[in-house]
Each structure stands twice: as structure tokens, then as C-alpha cells.
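Colleague:
In this note's numbering, the protein residues as written are 843 to 1291.
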């Protein structure tokens, strides 16, 4: 089964554009017909009843449908679950978004959608020409690394080790994977990398930049390539890291709520994984942007029949493109992602750990404790104190603030002051993005970064 799936991925990458459009129309028609037939949330919307949904549906029809936002999932979780599943499909798991700008978003996944995690991860590593027999080092937040046997997250200073790479090991034979917390200091991360001597490093853009500054170059001479995940790698950051290390930084774009959405090719475009999802770049009215325009990245999942997300607003901004890509691949694509930038290397020691305490506490609370939470922002002042700004519609719910205060005050070291403030809304930056963490220590972002 895996062999045939990989062959399918390969054949899709350079498929004749006309045939690719026919496949997209069939797959889009399938998920839209299913959503209208089996998902109460979509059935309740009048616009869906008159939608022409034959065996083949052009993507232009999506512009007639409303955008699905995070709060819609929070408020209509049960209504978004399919009442009946296709033959052979089962609920295989669930994911929760990091909740870095608001209440974590829980989504149920079917087996088909879960399988795509490993298959699409392998596609990205194949494009990067990674040798799967070598060692992979992963530096992520504790809650995003494999847990210890007792179910607890990895402690700072400890390391995880497994026989295969994350996601990919379920489908392919690979070398060793080792993991380390991002909340460890840059010096500790460097020491760990020099001890492990991995060939590939997977981590956040800010962590790559921090390591480069700390080491004034490549953290360890064994590294052959870098893989940036989760946050946006600006062009300025890419230039600095690649110049300092002599290594190529590869990048994917994905969401916990959907999976791996797109992979960045050597020509600089993000190619959508069309077997798994469909991407639109839209303006404020939900209409398609013209080539060169920046708009919201909206994703429709094509493989998750357990809980279909149709026109899901990712909260990210991207640049629309047209025409063929110089890499030769015919997969749908978009340009630069305008996303969240966090230059953590300018902040005081321990900042990442303190930010993660807040994020992890919110992510691990039961959803009923997050009732009314729409979004939040953490700000660090010059005196080292923090302010947590909560945008809620329910000021009477104190479970969230009580839990945050308890965890914050229970730190081994004396924590910096934390003020918790309720606000009407978290204001976006001038570029239209929500920033989950801001700091007075961050320098202005230079032109072109």
C-alpha cells in the first residue's frame, strides 16, 4: 500500500496541468458532496443547499461558500463531525492546534488523513534529497516531541531517542531520531548537537537563527542540511542562516488542523500537496487574489472525512502566483508566506521557557476551561516582566487565569512578574498578522526580511 501511495505522489508532481485540474475537480466534488450530505454544520447553511455539486466541481465554486474560522470549530465541534463515514474509514486520532494566538483548536482525523502525515513528510525529505539512513535531530517545544513512557513531556536537559524519524518512521525505514527541548538554552542546544553529531536538524526558524548567532556559524560540522518548521522563515533569516552555515534551509508549511499543506521548492514557491488539500489566496471578501497580491491562506482538506474543514482560514497571509514554476513541478503553488516572526535571540535568557509555560498551560487545559477565549497575546517589557492579554467573551470564567497563575508561580526559580489583562481584542501588526508573542527586546524588522 505504501509503495503504491508513493508512486501516486511521484506521478502527481509532474502531471499534465489539464489532467491535474480534472483530478482536483473530482476530489473537490467528492468532499463537498460528502460535507453537504453528512455534516450537520454545512447542512444548516442555506448557501450549501443550492450549490451545484456534480461528480466534478471547479474550485471557482468555493468563492460562493463562507470562510470557516477557528471560532466556528470551537462553537460547532459536534456539528462538524460527519454522522456517517465512508466504507473503511474510522476515527483514527485527533490533533489540537498550538493555540498560540487563541484557544487551541481540536480536530478529529480519519485514518486516510493521518496516513498523509508520513507520506507527505517523506515527499519533503525526498525533495530536499535527505538520506533517510542518517540521523535526524529535532529541536521543538516539549509538548511537540514524543512523550516519555509515563506520558510526561521531556524535561529540559533530557533528550529523546527513537529508531526512526518523526512521522516518516511509521511508513519507511530510517535512521535514528533524537529530540531536545527548544526551551533549553542556546548553549545547551549547541552542546547537545555537538554530542549527537546528526546530519539533519529540524527546528523553528528562530531557533536556527539563535544557534547561528550563538555559534557564529554551523553548530556542528556533521550537519548537511536544515529543515525549518512551524513559524515563518523570512528571506532575511534565510539569507543569514544559509550564509553563516553554508547549508540549505528547507521548509514546509502545515497546520495541526489540516496536516502538511505545502512544500517549498528550490525555486522558492510553496507547492500545495493536492492529494491532501486545496489552497486559495483570498482577499478580505473571500474572493481570489490576483498574481502578486497578498491575501489570506484558506485551505480545504480533501482527505479528512471524519471532520471536513471547508475553506478553513489559517490566519496566515500568502502571495498569489500564476504561471509555471521554474522547478518544473506542476503542483499548484503560491509565493511568499507572510507569517509570524519571533527573533528570540534578542530576548533575555529564559524567555522561551516562560513563553512556553503560558502556551503549554493553555494548550493542555480542558476545552471547557477555555470557554469564551478567542485569542491571546504575550508581551515582554524591557524590565523583563510579562503581560498576558486575553480576548474573551466570558469575563466570569476564572479557571483559565487561576490555572495560569498557579503554574507561573510554581516555577522553581523566582519568575518575573506576570500581569493578566482582559482586552476587547488583540490588535494585529501593520501587516495584518496576529503575533502571539511580542517583546520590547525585538529589533525592528529590516526591509526585505
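A virtual CB, placed ideally from N, CA and C, is assigned to each residue, including glycine.
Small disclaimer: the values here were computed from a predicted structure and weren't measured.
State the start and end residues of the unbroken alpha helix (DSSP H) segment that holds residue 1195.
Modeller: Where residue 1195 is concerned, the enclosing alpha helix (DSSP H) stretches over 1193 to 1206.
Colleague: Using only alpha-carbon positions, find the residue among 869, 1103, 889 and 1021 that is nearest to residue 977.
Modeller: Comparing Cα positions, the closest option is 1021.
Colleague: Check the DSSP bridge columns for residue 1155 and list the partner residues they point to.
Modeller: Answer is 1140, bridged to residue 1155.
Colleague: Quick check: what's the CA-CA separation for residue 821 versus residue 1256?
Modeller: Any question about residue 821 goes unanswered here, given that the chain covers just 843 to 1291.
Colleague: Counting only runs that start and end within the segment 917 to 979, where is the alpha helix (DSSP H) found for 4 or more residues in a row?
Modeller: List check, alpha helix (DSSP H) in window: 953 to 969.
Colleague: Closest to residue 923 by CA distance: which of 951, 1211 and 900 is it?
Modeller: If we check each option's Cα against that of residue 923, 951 comes out closest.
Colleague: In the DSSP assignment, find the beta strand (DSSP E) that holds residue 1265 and state where it starts and stops.
Modeller: Counting along the chain, the beta strand (DSSP E) containing residue 1265 begins and ends at 1260 to 1265.
Colleague: Do residue 1094 and residue 1104 have their CB atoms nearer than 9 angstroms?
Modeller: Result yes, Cβ atoms of residue 1094 and residue 1104 sit closer than 9 angstroms.
Colleague: Using a Cβ distance threshold of 8 angstroms, determine whether the segment 958 to 965 contacts the segment 993 to 1012, with at least three qualifying pairs required.
Modeller: In short, these stretches touch, since the Cβ pair count reaches three.
Colleague: Run the CB neighbour count on residue 850, radius 10 Å, all protein chains shown included, and call it buried at 16 or more, exposed below.
Modeller: It counts as exposed.
Colleague: Run the CB neighbour count on residue 1210, radius 10 Å, all protein chains shown included, and call it buried at 16 or more, exposed below.
Modeller: Residue 1210 should be labelled exposed.
Colleague: Assign residue 1127 to buried or exposed, taking buried as 16 or more other Cβ atoms, counted over all protein chains shown, within 10 Å of its Cβ.
Modeller: Exposed is the call here.
Colleague: Can you give the Cα-Cα distance for residue 1243 and residue 1217, rounded to whole angstroms?
Modeller: Between residue 1243 and residue 1217, the C-alpha separation is close to 14 angstroms.
Colleague: Comparing C-alpha positions only, which one of 1017, 1038, 974 and 969 sits nearest to residue 1000?
Modeller: Among 1017, 1038, 974 and 969, the Cα nearest to that of residue 1000 belongs to 1038.
Colleague: Is DSSP giving residue 1214 helix, strand or coil here?
Modeller: Here residue 1214 sits in coil by DSSP.
Colleague: By how many angstroms is the C-alpha of residue 956 removed from the C-alpha of residue 935?
Modeller: Residue 935 and residue 956: Cα-Cα distance of roughly 8 angstroms.
Colleague: Which one of 1205, 1168, 1226 and 997 has the shortest CA to CA distance from residue 1193?
Modeller: Ranking the options by Cα distance to residue 1193, first place goes to 1226.
Colleague: Output the distance between the C-alpha atoms of residue 862 and residue 1153, rounded to the nearest integer angstrom.
Modeller: Cα to Cα, the separation comes out at about 20 angstroms.
Colleague: Determine the closest residue to residue 1066 out of 979, 1123, 1028 and 1160, with distance taken between C-alpha atoms.
Modeller: It is 979 whose Cα lies nearest to the Cα of residue 1066.
Colleague: Residue range of the alpha helix (DSSP H) that residue 1032 falls in?
Modeller: That run of the alpha helix (DSSP H) goes 1028 to 1038.
Colleague: Give a single yes or no on whether residue 903 has its beta carbon closer than 8 angstroms to a heavy atom of the ligand SAM.
Modeller: As presented, the structure is devoid of all ligands, the ligand SAM included, so that no description of it is given.
Colleague: Which of helix, strand or coil does DSSP assign to residue 1291?
Modeller: Its pLDDT being 32, under 50, residue 1291 is placed unreliably by the model, and nothing is read from it.
Colleague: Assuming residue 985 and residue 1205 are in contact, meaning their beta carbons sit under 8 angstroms apart, how far apart are those beta carbons, in whole angstroms?
Modeller: Going by Cβ atoms, the distance from residue 985 to residue 1205 rounds to 6 angstroms, so yes, they are a contact pair.
Colleague: I'd like the list of long-range same chain contacts for residue 848, defined as Cβ closer than 8 angstroms, with 5 residues on each side in sequence excluded.
Modeller: These residues qualify, in order along the chain: 961 and 964.
Colleague: May I have the straight-line CA-CA distance separating residue 991 from residue 1027, to the nearest angstrom?
Modeller: So the two alpha carbons sit approximately 25 angstroms from each other.
Colleague: From the DSSP secondary-structure annotation, give me the bridge partner or partners of residue 1012.
Modeller: Paired residue(s): none; residue 1012 is not in a bridge.
Colleague: Do residue 1072 and residue 1114 have their beta-carbon atoms positioned less than 9 angstroms apart in this structure?
Modeller: Going by C-beta atoms, residue 1114 is not nearer than 9 angstroms to residue 1072.
Colleague: With 16 as the cutoff for other CB atoms within 10 Å, does residue 1120 come out buried or exposed?
Modeller: Buried, by the Cβ-count rule.
Colleague: For residue 1023, which residues in the same chain have their Cβ closer than 6 angstroms to its Cβ, ignoring the five residues on either side in sequence?
Modeller: Cβ neighbours of residue 1023 beyond the five flanking positions: 984, 996 and 998.
Colleague: Hey, how far is the Cα of residue 1233 from the Cα of residue 915?
Modeller: Between residue 1233 and residue 915, the C-alpha separation is close to 17 angstroms.
Colleague: Please classify residue 1025: is it buried, with 16 or more other beta-carbons within 10 angstroms of its beta-carbon, or exposed?
Modeller: Counting Cβ neighbours within 10 Å, residue 1025 comes out buried, since at least 16 surround it.
Colleague: Expressed to the nearest angstrom, what Euclidean distance is found between the alpha-carbon atoms of residue 932 and residue 947?
Modeller: Answer to the nearest angstrom: the Cα atoms are 21 angstroms apart.
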